[in-house]
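Undergrad: Oh and the sequence shown: position 24 is 24 in the UniProt record's numbering, straight run, nothing missing.
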Amino acid sequence: MTKTKETVAEIVTNRIIEELKKGVVPWKKPWSNGLAVNWKTQKPYSGINTMLLPSGEYATMNQIKEAKGRVRKEELKNYFIVIFVKSLNKKATEDEETEDESEGNEKPRFMRRFYRVWEINTQCTGLKSKRPKSANLVDPIPACEEIVSNFLNKPDIRTGSQAYYDPTNDYICMPPLNSFHKVDDYYHTLFHELIHSTGHKTRLSRVGIVTPNKFGSKLYSMEELIAEVGASIMSANANITVDIEQNASYINGWLNALKGDPELILKASSKAQKAVDFVQVNSLNRKQSA
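1) Shortest alpha-carbon distance to residue 166 belongs to which of 177, 176 and 154?
2) Taking just the CA atoms, how far does residue 239 sit from residue 141?
3) So is residue 264 buried or exposed if we call it buried at 16+ other beta carbons inside 10 Å?
4) I need the boundaries of the beta strand (DSSP E) containing residue 57, first residue and last residue.
5) Classify residue 186 as helix, strand or coil using the three-state DSSP reduction.
6) Count the other CB atoms, across all protein chains shown, that sit within 10 Å of the CB of residue 175; report buried if there are 16 or more and exposed otherwise.
7) Determine the direct distance from the alpha carbon of residue 74 to that of residue 272, and round the result to whole angstroms.
8) DSSP state of residue 138, grouped into three classes?
9) Within 10 angstroms of its Cβ, does residue 295 collect 16 or more other Cβ (buried), or is it exposed?
10) On the CB-based measure, 16 or more other CB atoms within 10 Å of its CB, does residue 48 come out buried or exposed?
11) Quick check: what's the CA-CA separation for residue 230 versus residue 151?
12) Taking just the CA atoms, how far does residue 131 sit from residue 120?
13) Along the chain, where does the alpha helix (DSSP H) that runs through residue 157 open and close?
14) Strictly under 9 Å for the Cβ-Cβ distance: is residue 59 near chain B by that measure?
15) Alpha carbon to alpha carbon, what distance is there between residue 158 and residue 207?
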């Protein structure tokens with residue numbers, strides 16, 4: 001009997017399984033980003049604020065309005081909290097953190113205040129990043145850009161300091177292309193988030209996206225498997241280089257959350273291929289209608 005030629009999905013899945021058998025390689029973020037800073041002053045936050053704020057540029061409502069920007073309507077309630085310590089002996093503004101400067105045996109006199117802030121890249125419109133551009137000079141890959149641009153009904157893609165898909169508001173956040181160590185890593189990460197977005201109720205309505213679930217839950221873990229296998233397939237289709245060992249390590253983490261069932265990779269691969277096909281069918285329809 002003649003052996004059927006392997007599909008791209010099967011090749012990718014088999015390679016991942018082979019790497020999983022070798023053990024775990026620590027997974028690293030393929031991009032670089034800085035600390036959380038005040039957008040207006042570019043001063044890094046300190047103290048407890050470093051634990052309250054993910055990397056990004058944050059501004060208060062007053063700062064946003066003064067700069068003629070606005071907070072996206074759906075993000076108004078998703079503010080972050082910044083704690084400021086205000087010395088009673090020194091006037092402080094919401095742009096600076098102050099420490100008490102009492103000397104001698106005088107009891108320190110200060111009060112704590114908090115402000116609501118929003119990340120200007122992902123939660124606001126009308127404001128531009130003030131961070132210096134990354135020194136990594138990379139050019140977009142045409143084949144990858146075509147896949148993304150031809151994806152009909154795709155979510156809004158915003159620039160920020162983290163990579164994630166927001167299923168509630170249906171948008172993708174991506175660090176800038178120049179913040180990635182390799183351009184291929186940017187597109188693989190973007191493909192991962194695009195696969196997540198195919199699970200939206202207006203697309204494939206996949207249970208791991210339309211059903212609220214917590215980090216590390218079975219649904220969450222399975223959805224991550226689908227997204228990573230799907231991203232690997234799309235990367236192979238676009239002929240970009242991906243570190244299969246690191247991918248396998250990342251996937252292995254979610255397999256552990258699902259009690260290490262290797263059969264789940266095959267199930268995830270099937271759903272991932274369906275998601276990839278959805279993107280490609282949309283792309284094909286767009287080309288035909290052009």
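Every residue, glycine too, gets a C-beta built ideally from N, C-alpha and C.
Model, not experiment: these values are computed from the prediction.
TA: Considering the structure as presented:
1) 154
2) Answer to the nearest angstrom: the Cα atoms are 10 Å apart.
3) buried
4) First-last of the beta strand (DSSP E) with residue 57: 56-60.
5) helix
6) buried
7) 29 Å
8) coil
9) This structure cannot settle anything about residue 295, because the visible part of the chain is limited to 1 through 290.
10) exposed
11) 15 Å
12) 12 Å
13) That residue, residue 157, is in no alpha helix (DSSP H); its beta strand (DSSP E) goes 156-159.
14) Here there is only one protein chain, and chain B is not present.
15) 24 Å
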